[in-house]
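Taking it in order: structure first as structure tokens, then the write-up.
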Amino acid sequence: MKKKFYLAVIGMCMMFAASACSEQTETEENTVQTEEDAQTEETAQADGEEEDTEEKPSSFGTRLVSVDNVDKYITIGEYKGLTLDNTVAEVTDDQVEAQIETELNNNRQEVTDSNATVQEGDLVTINYVGTKDGEAFDGGTANNYDLTIGEGRMIDGFEDGIIGMKTGETKDLNLTFPQEYPEASLAGQDVVFQITVQKFRRAPELTDAWVAENTDVDTVEAYRESVREQLMENARRTAENTLRETAWTTVSNNSEVKEYPEADIENAVSEFKAIYEEYAAQGDMELEDFVEAQGLTMDYFEEQSQQYAEMKVKQNLIIQGIMDAEGMTLDDEECLAIQDQLIQDYAVKDLAELVDQYGQAAVDESIGLLRVENFIVDNAQVNELVSNGELVGQDGGAGTEEDAGETVEEEQEEQQ
């Protein structure tokens, strides 16, 4: 199962290289109080007043921002009682057959019968040389080139000309490049391709015997049903992932930053620059030279650094503000369940391995975001729909503890 890349600062680097965002840095102390809050506390203690811990969230434990009083910095949009649609894509017979075909093609075996010939759908390995007026042309020669016959990757006549050839056979194909071919020197030109078949592989026939040997079921009928069930599960997970994203986006868009905590912005800007300094170092370049090599100016880079920082800090303020208001912490039972899910989804042995790979801050932010997304969905009116828009039911909350932290295929966009 493909995974949405939550741990790359949860989409905060969408305009840049997301994988580099694992190099996040943390603030020296996540529980630093603002100067104003600290002075207030000192005054209260000096007067012998007892601090009211119910009015201000505890500063103990891991926090995603450097301030305790999040309300001073942001007005969070309504996050309870939202109306959301959970639209699950229908699974068609054609999709089932296409998935089965993919599985069969993934299990192609080399054809060793010396009398066998290439058929449509076979994966052939060929050598070829293209010539025009007896001279080889640029880009017209390749060795050990893999090509699936029938995919249409080559010019007209190329793939069809290989059908019927045997392993080891060489053949000349007289072909013509299309008039709209992007290389002007070849557009509309007659050429000859000399092709030699090195080997070819063929997908197995879908039979009960193949199913029993290669899957967890025994018959073709049962296999089709299992594929359909998996595609339906993938569609359900994709829909739930989209639902969480929509819930988060709705709240984020309706939230307004009053001011940004200066320390958090500085840390995020430093983090952003460190990412690209590392890229530059890999190319044995200074940051300015690296930025210029991308066709950008340092002024533009500084603007992007600030934009990244503000996006990141706004996200963390919303997450922390909701967690404070609802009595959540990154160490509560639900967050621990999300940790376990992340460990499973990313196929690592423990959370420490995730931290080593992505950084503590990225892991904490991912857990916090997933926790809050689930909370928003749990407290929303969710309309259950299928992809044709038909209303199939309503749910007062779609998230469950079992689903907490799932990072699912967003294509599937993202279906296997």
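The sequence shown maps to residues -20 to -1, 1 to 396 in mature numbering (1 follows the signal peptide of the UniProt record, and there is no 0). C-beta atoms are modelled at their ideal positions from N, C-alpha and C, and glycine is treated no differently.
Taking all protein chains in view, the Cβ of L127 is crowded by 16 or more other Cβ atoms within 10 Å, so the residue is classified as buried.
For N214, the secondary structure class from DSSP, reduced to helix, strand or coil, is helix. For D126, there is no enclosing alpha helix (DSSP H); the enclosing beta strand (DSSP E) covers residues E115 to T128.
E353 is the residue among Q295, D336, E353 and S285 whose C-alpha sits nearest the C-alpha of I318. DSSP places V68 in the strand class (E or B) of the three-state scheme. Collapsing the DSSP output to three states places R351 in a helix. V50 places its beta carbon less than 8 Å from that of L297.
A straight line joining the alpha-carbon of K146 with that of E160 spans about 32 Å. Straight through space, the alpha carbons of N154 and I255 are spaced by roughly 52 Å. Exclusion of the five residues before and after V191 leaves V197, D198, T199, V200 and Y203 as the residues of its chain whose Cβ lies within less than 7 Å of its Cβ. Between L223 and the set V71, Q79, L365 and V47, the nearest pair of CA atoms involves L365.
K292 counts as buried, since at least 16 other C-beta atoms from the protein chains shown sit within 10 angstroms of its C-beta. The stretch 244 to 261 and the stretch 62 to 75 do not touch, with fewer than three beta-carbon pairs separated by less than 8 Å. Apart from sequence neighbours up to five positions away, the residues of its chain that approach K238 with a beta-carbon distance below 8 Å are K52, Y53, I54 and T55, ordered along the chain. Under the three-state reduction of DSSP output, F281 falls in the helix class. Under the DSSP assignment, N86 falls outside any beta strand (DSSP E); it carries neither an H nor an E label.
With respect to the 8 Å criterion, L44 and I299 are classified as neighbours on the basis of their beta carbons.
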